[in-house]
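Presented below is the structure to which this report refers.
In our numbering, the protein residues as written are 41 to 261.
Okay, structure coming up:
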């Protein structure tokens, strides 16, 4: 690292800020994980409050790199777009002092952003439901979250990637706590882990956003 880069890094992360963040972690022993399907699905406002306001450890678990999204600002598509979106998400996580766990590893990986999907079942046909669950159970067992909060609901009208990831997040709760599930994890030093709380969003899940054969879920009262 040259002098210019070193000074820029120091300015971006002042010693006083690093000390404040380190001390603020002492206020809580809780770890919370927010799950989503694409970079930008994470609820940064909520996560910033959990981390910087309450002192919790914050983790974002994202299934894809966003390579199937749209880009109106530049020419990047596919894998290049996934690189940009991954970098943006990791930088936003750095700002709020959160950690990121990726389940998918780009367009060559089965768990990738293949474009819009209305159906969670169709998404799992592409991703592999067992594969997705194994990776999420691994994330639970390695990060050991006390609380898991999906960003979206598994409801008609919602993006199929979102629906699949929310379904996986709930199914993985029991699997992560079961020693018989994915026993190969034990050889890697990953013990079973029981998530204490699982919270779904208290809203309709954006069901009215997309056209669908079934009506969207009603808004909460």
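The beta-carbon is built from N, C-alpha and C at its ideal position, and this holds for glycine as well.
Closest Cα partner of residue i within the set the options
i: residue 106; options: 149, 195 and 45; result: 149
i: residue 136; options: 186, 95 and 55; result: 95
i: residue 235; options: 141, 66, 70 and 55; result: 70
i: residue 88; options: 80, 66, 129 and 133; result: 133
i: residue 170; options: 205, 114 and 188; result: 205
i: residue 229; options: 219, 237 and 238; result: 219
i: residue 86; options: 144, 138 and 226; result: 138
i: residue 237; options: 226, 54 and 212; result: 212
i: residue 123; options: 188, 92 and 78; result: 78
Contacting residues, own chain, Cβ-Cβ under 8 Å from residue i (five flanking each side not counted)
i: residue 222; result: 174, 177, 178 and 215
i: residue 217; result: 232, 233, 234 and 235
Counterpart residues of residue i in DSSP-defined beta bridges
i: residue 71; result: 97
i: residue 139; result: 99
i: residue 188; result: 73 and 238
Same chain, Cβ closer than 7 Å to residue i, five either side skipped, listed in chain order
i: residue 118; result: 107 and 147
i: residue 155; result: 108
i: residue 184; result: 71 and 233
i: residue 200; result: 157, 158, 159, 160, 162 and 163
i: residue 144; result: 103, 104, 105, 151 and 152
i: residue 68; result: 94, 95 and 96
i: residue 90; result: 72, 96 and 98
i: residue 168; result: 150
Backbone secondary structure at residue i - three-state DSSP
i: residue 238; result: strand
i: residue 76; result: strand
i: residue 123; result: helix
i: residue 151; result: coil
i: residue 104; result: coil
i: residue 167; result: helix
Cβ neighbours of residue i in the same chain (closer than 6 Å, five flanking residues each side left out)
i: residue 190; result: 75, 206 and 209
i: residue 114; result: none
message: At 4 residues or longer, what runs of the alpha helix (DSSP H) sit wholly inside the segment 193 to 238?
response: 200 to 217
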